[in-house]
């Protein structure tokens, strides 16, 4: 019988880790890879039976963490789960069936996003699909932010698998905002991507119009408007940080 490990990346996730692990209780093993929590994440995870491993976030970002997690289990199949996500009960049964059949494929799963308590159906937080389930030895991760997999396996899709509790407080939002914009800017810098101030503004305006109008964010009411605005600001800030990296390279930060 093939075995399944659920792999969870954490850092200060005491508010989420218990419910996250409860949704993954059907797995044969749960491995938590933590990048430096200072709260009760470890105590809660271990009390619920997880194997807890500390591994600092390196220069290769989230892809590096996910690749490291692959080395921490010998299970035949792995499912990646973020601490702020929950696996739906019906989807858990489908995942177990796939693992028991052991037919190699890489599965992307549908994730429905809940922002400040509201299920988002449109805009930048509309339901999306993320790579999560596959045989352990058949994939590798790449990318510092919004990482993805490299694999030769056929791709398949599972629907209505995850609920993603993205943000519950603005303090939480802006902590991730700062981390992710910095990682995105560094990634673009390493790829020698350049943009001017006018370009940064243009990208930001396009992001708002795309999320609010083209993707129907207005249909989600005020939360749809708010998150479209914040997506625009996110885009603007990551390019400002990129511009600043080049300015520092040229001695402008002395």
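In our numbering, the protein residues as written are 24 to 277.
A virtual CB, placed ideally from N, CA and C, is assigned to each residue, including glycine.
Practice prompt. Indicate whether the contact test is met: 3 or more Cβ pairs, each with one atom in the segment 190 to 203 and one in the segment 226 to 234, closer than 8 Å.
Written response: no
Fill in: Strand pairing of residue 55, partner residues [DSSP]
31, 75
Discussion item. Check whether the segment 189 to 197 and the segment 136 to 155 are in contact - that is, three or more C-beta pairs closer than 8 Å.
Written reply: yes
Item to complete: My understanding is that residue 208 touches residue 261, with C-beta atoms under 8 Å, so please give their C-beta distance in whole angstroms.
Response: 5 Å
Worksheet item: Using the rule of at least 16 other Cβ atoms within 10 Å of the residue's Cβ for burial, across every protein chain shown, is residue 65 buried or exposed?
Response: buried
Worksheet item: If you draw a straight line from the alpha carbon of residue 88 to that of residue 46, how long is it in whole angstroms?
Response: 22 Å
Practice prompt. Could you check what DSSP says for residue 8 in three-state terms: helix, strand or coil?
Written response: Nothing can be reported for residue 8, as the shown portion of the chain is limited to 24 through 277.
Worksheet item: Mind checking whether residue 95 and residue 53 have CB atoms under 8 Å apart?
Response: no
Worksheet item: Would you say residue 181 and residue 124 are within 8 Å of each other, going by their C-beta atoms?
Response: no
Fill in: Among 229, 151, 142, 114, the one whose alpha carbon lies nearest that of residue 258
229
Worksheet item: Whole-angstrom Cβ separation of residue 158 and residue 177, contact assumed at under 8 Å?
Response: Residue 158 to residue 177, Cβ: 12 Å. No contact.
Item to complete: Say whether the segment 261 to 272 touches the segment 145 to 164, bearing in mind that this needs 3 or more beta-carbon pairs closer than 8 Å, one atom from each stretch.
Response: no
Discussion item. So residue 75 and residue 86 are supposed to be a Cβ contact under 8 Å. How far apart are they, rounded?
Written reply: Contact flag wrong, Cβ pair sits at about 21 Å.
Discussion item. By the three-class DSSP mapping on this structure, what secondary structure does residue 93 have?
Written reply: helix
Worksheet entry | Unbroken beta strand (DSSP E) run spanning residue 176, endpoints | Looking at the DSSP string, residue 176 is not in any beta strand (DSSP E), and its letter there is neither H nor E.
Fill in: Where residue 273 falls: helix, strand or coil (DSSP)
coil
Discussion item. Starting from residue 40, trace the alpha helix (DSSP H) in both directions and tell me its first and last residue.
Written reply: 40 to 46
Worksheet entry | Which listed residue (268, 216, 253, 206) has its alpha carbon closest to that of residue 166 | 206
Worksheet item: According to DSSP, is residue 121 helix, strand or coil?
Response: helix
Discussion item. Let's see if you can read the secondary structure: which residues bound the beta strand (DSSP E) around residue 108?
Written reply: 108 to 110
Discussion item. Given a cut-off of 8 Å on the beta-carbon distance, is the pair residue 27 and residue 91 in contact?
Written reply: no
Item to complete: Under the assumption that residue 70 contacts residue 34 (Cβ atoms under 8 Å), give the Cβ distance between them as a whole number of angstroms.
Response: Contact doesn't hold; Cβ gap of about 18 Å is too wide.
Discussion item. Pairs of beta-carbons, one from the segment 98 to 113 and one from the segment 76 to 83, closer than 8 Å: are there three or more?
Written reply: no
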